[in-house]
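Counting in UniProt numbering, the sequence shown runs from 1 upward without gaps. Think of the CB as a built atom: it goes at the ideal place given N, C-alpha and C, for glycine as much as any other residue. Keep in mind that this is a model prediction, so the values were computed, not measured.
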Amino acid sequence: MGILASIFTWWNGATIGTSLFTRRHGREVGRDEAGNIYFEHRKDKNRRWVIYHGSNDASRAPPHWQSWLRGQLDDVPDKSLPPARKFQKPGLPNLSGSDGTYRPAGSLSRGGKRPAATGDYQAWTPD
């Protein structure tokens, strides 16, 4: 199923066409901690793309690589950005629809029970 999947699907990694184009015209410039591989065109340095490790989801690329992909950085992030500070957290992919989704108190997935009002709120009623 591996070859057939790469011919007909795009959501589980690069298709055959993308792989051939990358091999012919691309030059690898870096990899991130998630295993994504970043490329730029051999002749036109403004054409940049990423081959995702796993599912194709743009939120899986870290913010510094997103800046490079969009042309906000001229050089790769490892060379052009200062090192990460201690207080910075690593980027997370989009967690919508997963178990890691934010669910505030009172949402149906957390039982649907909201905290009682504290008395500082007065509902509007028409006169």
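Contact between Y52 and G13 holds: CB atoms are separated by about 7 Å, below the 8 Å threshold. According to DSSP, residue pairing for Y38 in a beta bridge involves G30, V50. Comparing alpha carbon positions, the residue from R42, K45, N46, S96 closest to S59 is S96. When DSSP states are grouped into helix, strand and coil, S98 belongs to the coil group. Where T22 is concerned, the enclosing alpha helix (DSSP H) starts and stops at 16-25. In the DSSP assignment, W65 falls within the unbroken alpha helix (DSSP H) covering 63-69. Our two residues, N94 and D127, have alpha carbons roughly 45 Å apart in a direct line. Nearest in C-alpha terms to L81, of all of W65, S109, R114, D44, is W65.
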